[in-house]
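Okay, structure first, notes after.
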Amino acid sequence: MTNDQVVELVRQLPPTQKREVLRSLASDAQARRAERMTYAEDRLRALATARGLAWDDLDADAREVFIDDLLHEDR
Numbered sequence: 010m011t012n013d014q015v016v017e018l019v020r021q022l023p024p025t026q027k028r029e030v031l032r033s034l035a036s037d038a039q040a041r042r043a044e045r046m047t048y049a050e051d052r053l054r055a056l057a058t059a060r061g062l063a064w065d066d067l068d069a070d071a072r073e074v075f076i077d078d079l080l081h082e083d084r
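Under my numbering, the first residue of the sequence shown carries the number 10, and numbering increases by one thereafter.
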């Protein structure tokens with residue numbers, strides 16, 4: 010089944026069932042977003058530790074500088 014076919018099937022659902030589908034998709038998206046954030050934070054902690062820094066002790070500005078340095082290491 011193609012994406013277009015799935016979308017067309019959802020469009021044919023009654024409003025209540027459409028909402029259920031959308032809520033389910035939104036819930037799945039939120040769970041994946043949370044997983045990505047956890048992974049990213051774990052990687053940033055590891056990278057900071059490798060550079061002698063404690064990620065959890067850095068304030069927001071220091072974290073921003075650290076990430077900027079990571080992004081522009083080739084300068």
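Backbone N, C-alpha and C fix where the C-beta goes; we use that ideal spot for every residue, glycine too.
Run the CB neighbour count on residue 57, radius 10 Å, all protein chains shown included, and call it buried at 16 or more, exposed below.
-> buried
Select from 79, 13, 38, 20 the residue whose C-alpha is nearest the C-alpha of residue 53.
-> 79
Taking the C-alpha atoms as reference points, what is the distance between residue 73 and residue 14?
-> 43 Å
Near residue 64, what residues of its chain come up, given a Cβ to Cβ distance below 6 Å and the 5 sequence neighbours on each side ignored?
-> 53, 54, 57
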